[in-house]
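The structure appears below as structure tokens.
Number of protein chains: 2
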Amino acid sequence: MTNCDHTLCKTSALKEAERVCEQLGARFTDQRRNVFEILWQSHKAMTAADIMNEMTNKQPPITYRALEFLKKSGLIHHVTSLNAYVGCIHAKDPNHIGQLLICTNCHNIDEIEPKKAVSELIKAAKNQDFTPSLTHIEMLGICKTCNNATS
Amino acid sequence: MTNCDHTLCKTSALKEAERVCEQLGARFTDQRRNVFEILWQSHKAMTAADIMNEMTNKQPPITYRALEFLKKSGLIHHVTSLNAYVGCIHAKDPNHIGQLLICTNCHNIDEIEPKKAVSELIKAAKNQDFTPSLTHIEMLGICKTCNNATS
DNA sequence: AGTTTGCCTGTTAAAATTTAACACTTGCTA
DNA sequence: TAGCAAGTGTTAAATTTTAACAGGCAAACT
Ligand SMILES: [Zn+2]
Ligand SMILES: [Zn+2]
Ligand SMILES: [Zn+2]
Ligand SMILES: [Zn+2]
């Protein structure tokens, strides 16, 4: 994501969303698109309230339902440590486990797929005879851009 | 934690809490102890409301302030994916990064310290020039006991 | 074409969760 | 013993999330 051509980010995310919905037999309705486009204005996490403020229809149930749908469909991530949401940049792979790098300064979020780390995490879990189904990895810290700026 | 002598868990956690407070120059007051002991009744996560219900003084600010303090002091973990809290079993090491194994069946939480996985996560972050300060690792799944029970 | 069906929306509230503000107390210490 | 910082009690309020239910809309059947 770092130094992205964000117009490209956004259009390809939209295309992907349409594909995913099609595949799920669900509709990419106005409300869902509205939430999705608002989230994809940037790579920053937004709270439900943030999003709601920018919606055409600002009623809570509308917003929460769309968020719920997008999350279940793997198109967005719920950033639990911020209680906020961000568009997923790996939506093509519905089974990916993302490591979210959350900059506490500029609030941008990058998402990487740390295959080796994940396999270590799963190994560690299995050592305790624990069978994981859902994994959250969130790191708060300072991103490259902000690091350079403050030095 | 699995198959623990929980009386032991609890007393050693209390002793540790007293030590940590002492070291921080803070007081392990009645309210803080009340929250802490309620959490340590088990290894299950409890929401703020759950805890509040069992407090001597059931007023929200009392509960939230104690939780905030205990979290900042590293004595409990905020389980962000459940928006709930659980006692930390590695409080002796204030810099540990715990991997929470959260059983969606019995709701017990185990916490392990996956050193290798963590170093891989940090390595992956640094590859993006990201400087992490706080790391959350939470896995939802089925624990050993529940796995055995359902098979 | 008309009708059923299931998904999705609109709307009205209400419940649940978290925080603000401020006066007061308590234990330390200068 | 007065002053200070940490911690509490109390009253509300703000924020976040959910329930409930009537209505609309698009694909699918007859
Ligand atoms: Zn971008
Ligand atoms: Zn993702
Ligand atoms: Zn811990
Ligand atoms: Zn279990």
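Residue numbers (the numbering used here), protein chains in the order written: chain A, 1 to 151; chain B, 1 to 151.
Glycine included, every Cβ here is placed at the ideal spot set by N, Cα and C.
Inset, instruction - Return helix, strand or coil for A/A84, following the three-state DSSP convention. - result: In this structure, A/A84 counts as strand in the three-state DSSP scheme.
Legend entry - For B/E138 and B/K10, the rounded distance between their alpha carbons: Those two C-alpha atoms are separated by around 23 Å.
Legend entry - Where A/S12 sits in the DSSP three-state scheme: Helix at A/S12.
Inset, instruction - Run the proximity test for B/N148: is its beta-carbon closer than 7 Å to any non-hydrogen atom belonging to ligand 4? - result: The answer is no for B/N148.
Inset, instruction - Over the uninterrupted alpha helix (DSSP H) stretch that includes A/C106, give me the two end residues. - result: Note, A/C106: premise wrong, no alpha helix (DSSP H); not H, not E.
Legend entry - Residue from B/Q99, B/E120, B/I122 with nearest C-alpha to B/L140: Answer by Cα proximity: B/Q99.
Legend entry - DSSP-derived helix/strand/coil call for B/T63: DSSP places B/T63 in the helix class (H, G or I) of the three-state scheme.
Legend entry - Boundaries (first-last residue) of the beta strand (DSSP E) holding B/I137: Unbroken beta strand (DSSP E) run through B/I137: 131-142.
Inset, instruction - Would you mind working out which of B/A66, B/Y85, B/K115, B/C4 sits nearest B/I102, comparing C-alpha positions? - result: Restricting attention to B/A66, B/Y85, B/K115, B/C4, the CA atom closest to the CA of B/I102 is found in B/Y85.
Legend entry - Anticipated Cβ contact below 8 Å, B/H107 with A/S81, distance rounded: Contact flag wrong, Cβ pair sits at about 20 Å.
Inset, instruction - Buried or exposed for A/P114, please, with buried defined as at least 16 other CB atoms from any protein chain shown within 10 angstroms of its CB. - result: The Cβ neighbour count for A/P114, taken over all protein chains shown within 10 Å, is at least 16; the residue is labelled buried.
Legend entry - B/T7 burial status per 10 Å Cβ neighbour count (16 or more: buried): By the 10 Å Cβ count, B/T7 comes out exposed.
Legend entry - Span of the beta strand (DSSP E), counted from its first residue to its last, around B/I76: Unbroken beta strand (DSSP E) run through B/I76: 76-79.
Inset, instruction - Say whether the region 12-21 of chain B touches the region 122-134 of chain A, bearing in mind that this needs 3 or more beta-carbon pairs closer than 8 Å, one atom from each stretch. - result: The region 12-21 of chain B and the region 122-134 of chain A do not touch, with fewer than 3 CB-CB distances between them shorter than 8 Å.
Legend entry - Nonlocal neighbours in the same chain, by C-beta distance under 8 Å from A/N57, ignoring five residues either side: Within the same chain, A/N57 has close Cβ partners Q31, N34.
Inset, instruction - Please report the residue range of the alpha helix (DSSP H) in which B/K44 lies. - result: Segment: none, B/K44 is in no alpha helix (DSSP H) and carries neither H nor E.
Legend entry - B/Q128 - DSSP class collapsed to helix/strand/coil: Judged by DSSP in its simplified three-state form, B/Q128 adopts coil rather than helix or strand.
Legend entry - Rounded Cβ spacing between B/A26 and B/L75 (contact assumed at less than 8 Å): Taking a contact as a CB-CB distance under 8 Å, the pair B/A26 and B/L75 does not count as one, their CB atoms being some 11 Å apart.
Inset, instruction - Can you give me the start and stop residues for the alpha helix (DSSP H) that A/A48 sits inside? - result: Per DSSP, A/A48 belongs to the alpha helix (DSSP H) from 48-54.
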